[in-house]
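Chemist: I'd like to ask some things about the structure below.
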Amino acid sequence: EDKVVQSPLSLVVHEGDTVTLNCSYEVTNFRSLLWYKQEKKAPTFLFMLTSSGIEKKSGRLSSILDKKELSSILNITATQTGDSAIYLCAVSYSMEYGNKLVFGAGTILRVKS
Amino acid sequence: NAGVTQTPKFRILKIGQSMTLQCTQDMNHNYMYWYRQDPGMGLKLIYYSVGAGITDKGEVPNGYNVSRSTTEDFPLRLELAAPSQTSVYFCASRTRQGENQPQHFGDGTRLSIL
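Chains H and Z supply the protein sequences, listed in that same order. Letter by letter, the first sequence follows residues 25 to 137 in our numbering. Letter by letter, the second sequence follows residues 135 to 248 in our numbering.
Printed below as a string of C-alpha cells:
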C-alpha cells in the first residue's frame, strides 16, 4: 500500500527558530515529491522535488529529496508567526491515467511571538 | 485569476439528503481531482478525471459520484448523505503539459452531515 508519513505531527517554536520537517514515503512508480502549505483554506504549492540531492530554495524555506532513503526534509529558517500552518507532503506516482498524489497527514507548525 | 472555484463554502445536510459540490477551473486544465480532508488526516483522493468524459475512482469513492461533461467543471455528488461524509472537500486541477506539474487547489467546501 502506498503511504506517506510525516513527522513530527505537530510542533511549537518561537520566532527566529529553525525547524526541520520530515517526510518519508513508500510508493511504487514514484514521479515527484511535493510540499504544500495549508493555512485556513486551500493548500498552496511550495516545492516539487524530482531529483535526489538537489536543494530547492524559496526565501527562508528550502527542501531536499533523498531517493535512496525515500525521504525529504523541509527546512524553515528564522521562523515568523506567518509560518504557522499545516505543512503537507505529497508524493506523485504514475497510474494508468496520469499521475496521482498520496498525502501525508501533515505537520502542524505553530510559531509563537 | 479565478483558478479553481468551489461552491458552496459551507453546507449542513441532514442524513439521507443529497447534494452536489461544484468545482470549476478556468485554467484549461485536463486533470481534475476531488479530495476529502478529515482532522489529523491527509487528503484522501475520492475521484479524479483526466479529461471530459473520463473519470476514475480514487482511494475513497464509496458514497460519491462524479461526472465530467466539460473541461471546466467537475461536480461531486453525494446521493445519500451519511455522518461519515462530514469533512472538508477540496477540488484540484493540473495541467497535462509536462510530466511534473503541481496540482492547484480550490478553497474547499466544509460539509457537515447531522
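Built from N, CA and C at the ideal position, the CB exists for glycine as well.
If F224 (chain Z) and S183 (chain Z) are in contact, beta carbons under 8 Å, what's the gap, nearest whole angstrom?
Modeler: In fact, because the Cβ distance is near 15 Å, the residues do not count as touching under 8 Å.
Chemist: Is G77 (chain H) helix, strand or coil by DSSP?
Modeler: Correct three-state label for G77 (chain H): coil.
Chemist: Enumerate in chain order the residues of its own chain whose CB-to-CB distance from K199 (chain Z) is below 7 Å, with the five nearest sequence positions on each side excluded.
Modeler: One detail in the question is off: residue 199 (chain Z) reads as Asn in this sequence, not Lys. Here the set comprises R211 and E213.
Chemist: Residues of chain H with CB closer than 8 Å to the CB of P217 (chain Z), please, in chain order.
Modeler: Ordered by position in chain H, no residue passes the 8 Å Cβ test against P217 (chain Z), which lies about 22 Å from the chain.
Chemist: Near V37 (chain H), which residues of its chain fall below 8 Å by C-beta distance, leaving aside the five closest residues on each side in sequence?
Modeler: For V37 (chain H), where only same-chain residues beyond five positions count, the Cβ hits under 8 Å are V43, T103, L133, R134, V135 and K136.
Chemist: Secondary structure at S137 (chain H), three-state DSSP: helix, strand or coil?
Modeler: Three-state result, S137 (chain H): coil.
Chemist: On the premise that S108 (chain H) lies in contact with D90 (chain H), defined as a C-beta separation below 8 Å, what is that separation, rounded to the nearest angstrom?
Modeler: That pair is no contact at about 27 Å.
Chemist: Would F115 (chain H) pass as a contact of V29 (chain H) if the rule is Cβ separation under 7 Å?
Modeler: Here the sequence assigns Val to residue 115 (chain H), which means Phe is not the residue at that position. Going by C-beta atoms, V115 (chain H) is not nearer than 7 Å to V29 (chain H).
Chemist: Could you please tell me which residues of the stretch 87-103 of chain H, in chain order, have their CB closer than 8 Å to any CB of chain Z?
Modeler: Answer set for the stretch 87-103 of chain H: empty.
Chemist: Does any residue of chain Z bring its CB to less than 7 Å from the CB of A129 (chain H)?
Modeler: For A129 (chain H), the answer is yes, since a Cβ of chain Z falls inside 7 Å of its Cβ.
Chemist: Residues of the stretch 60-72 of chain H in Cβ contact with chain Z at a cutoff of 7 Å, in chain order, please.
Modeler: Under the 7 Å Cβ criterion, the stretch 60-72 of chain H contributes K65, A66, P67, F69 and M72.
Chemist: Identify the contact partners of L58 (chain H) in chain Z, using a Cβ-Cβ distance below 7 Å as the criterion.
Modeler: Those within 7 Å of L58 (chain H) in chain Z are P236.
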